[in-house]
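Down below is the structure, laid out as structure tokens.
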Amino acid sequence: MPTFEYEAMDSAGLEVKDTIEAPSEAEAQTLIREKGFYVTKIKEKDKKKKKKDARKGAAKGAAGKKPGKAFTIGGVKPKILCTFTRQLSTLQDAGLPVLRSLRILEGQNKPGALKNALMDVIEDIEGGNTLSEAMAKQPKAFDNLYVNMVKAGEAGGALESILQRLADFKEKAQSLKRKVVGAMIYPAAVITVAVAIVSFIMIWIIPKFKEIFLGFDVELPGITVFLIEASDWMLNYWYMLFVVPISTWIFVKIVKKNKTGAYVVDWISLRIPLIGKILHIGTIARVTRTLGTLIAAGVPILEALLIARDTAGNSVFVRAFDNIYSAIREGETIAVPLKESRIVDDLVVNMVDVGEETGALDDMLYKVADVYDEEVEVRVESLVSLLEPIMVVVLGLIVGFIVIALFMPLIKLLNDLS
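According to our numbering, the residues represented by the sequence shown are 12 to 429, in order.
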């Protein structure tokens with residue numbers, strides 16, 4: 012009777028490796044299921060093949076590479092992680108063991124950063140780690156928010172509901188980001204085309220007119236001289252159009268490496284007309300939704316504050332949250348130091364105060380986040396609507412200036428000839 016080697020998982024999600032004798036593979040699977048195991052892999056025992064696989068495994072081990080891993084750069088894209096979280100939540104809700112769920116999702120994913128991370132997570136769980144401990148070892152795929160949410164779900168025995176909350180959180184964040192990016196595509200395209208047209212005129216058209224003016228030795232008005240000098244500058248230093256913005260971006264990045272420099276840059280960014288307010292409101296929405304999600308998951312308030320602080324992405328908010336953290340450790344409520352920080356308006360402070368009084372802080376924070384998410388959408392739409400006429404007017408002024416500067420000496424030349 013043939014002997015089959017199999018890998019399976021018991022009801023607790025622990026992996027079992029064993030052999031079984033059966034007339035066929037189908038009957039072998041039936042016998043394994045009767046033992047209460049979920050079959051993940053089964054094959055007929057073959058000594059020669061086994062030795063060959065062992066030699067291949069040794070060769071790969073000597074090379075220092077794990078089989079099946081793809082070379083990747085960077086972390087997991089938010090959209091892919093969002094889909095994975097929703098799928099894992101669904102599998103957990105269906106009652107599948109964690110290890111089995113991860114194996115299914117790892118098999119479905121294309122080679123990439125997430126698949127590599129899942130392979131390592133599965134290996135760590137097989138080695139005795141919990142899901143949160145295994146995920147904590149993959150910071151490029153799972154951030155502190157993700158790991159702590161999973162940890163809270165494991166501690167409370169409600170991993171499937173926590174994953175659902177996490178999936179909802181990430182889907183809302185992705186939805187807002189898509190709306191903002193989608194709204195900015197049109198003005199970005201218009202600005203790009205306008206810059207390309209003006210650059211073409213300055214580099215190709217203006218020099219032709221310059222040759223005409225020099226050929227007729229006509230006296231040029233100041234506006235035309237300025238235009239020709241600007242054209243000459245673009246011809247000689249066209250690369251500065253790329254060097255200046257790139258250098259500025261690098262300079263800001265270097266300054267933000269310093270704690271004080273980062274605070275100054277972020278403080279200035281929050282006070283840029285129109286855009287600064289959108290950044291401010293968006294940060295409040297992100298921080299409150301993160302904090303609400305963590306509190307609802309059962310994460311301790313002090314730990315939740317530190318994680319929410321790290322998701323702010325703004326040094327002004329980071330400093331304020333550090334002060335709030337210190338105040339809470341000394342026995343204060345959240346509302347009092349939050350009001351003193353002046354990073355949020357009275358609406359947020361009052362909602363947090365009510366949430367603490369009623370024991371529904373997570374719900375209040377969700378409502379604040381929803382309100383501010385909607386306000387971000389409205390402000391972005393208003394900014395786009397305002398940009399459209401501004402861009403048309405600015406482009407019209409530039410083209411009008413060029414036309415006037417070129418035709419003034421032409422009119423004078425025609426008058427002289429006549």
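Glycine residues also receive a C-beta, built at the ideal position from the N, C-alpha and C atoms.
Close CB contacts of Ala145 within its chain, under the 6 Å cut and outside five residues either way in sequence, are with Val132, Asp135, Ile136 (chain order).
Each residue's CA atom was taken as its position, placing Phe48 and Pro34 some 19 Å apart.
In the three-state scheme derived from DSSP, where H, G and I count as helix and E and B as strand, Ile84 is classed as coil. Under the rule that a run must span 4 or more residues, the alpha helix (DSSP H) segments found entirely inside the region 208 to 272 read 217 to 227, 233 to 247, 251 to 266. Around the CB of Val109, 16 or more other CB atoms lie within 10 Å, so the residue is classed as buried. Non-local beta-carbon contacts of Ala315 in its own chain, meaning distances under 7 Å to residues more than five positions away in sequence, involve Leu302, Leu305, Ile306 in chain order. Note: Val27 is bridge-paired with Ala19 in the DSSP secondary-structure output. One thing to note: Val379 has its Cβ within 8 Å of the Cβ of Thr299. Burial of Pro420 is indicated by the presence of at least 16 other C-beta atoms within 10 angstroms of its C-beta. For the pair Arg320 and Thr235, the Cα-to-Cα distance works out to about 55 Å.
Just so you know, the alpha carbons of Leu358 and Lys288 end up roughly 16 Å apart.
With respect to Ser100, Ala178 sits close: the two C-beta atoms are nearer than 8 Å. Taking a contact to require three or more Cβ pairs closer than 8 Å, the region 408 to 424 and the region 208 to 228 qualify as touching. Burial check for Lys54: the Cβ neighbour count within 10 Å stays below 16, so the residue is exposed. Considering only Lys221, Phe82, Ile43, the residue with the shortest C-alpha distance to Leu246 is Lys221.
Judged by DSSP in its simplified three-state form, Glu343 adopts coil rather than helix or strand. Cα atoms of Ile196 and Val391: separation of roughly 12 Å, rounded to the nearest angstrom.
The way I'd put it, the region 119 to 129 does touch the region 84 to 98; three or more beta-carbon pairs between them come closer than 8 Å. Collapsing the DSSP output to three states places Thr141 in coil.
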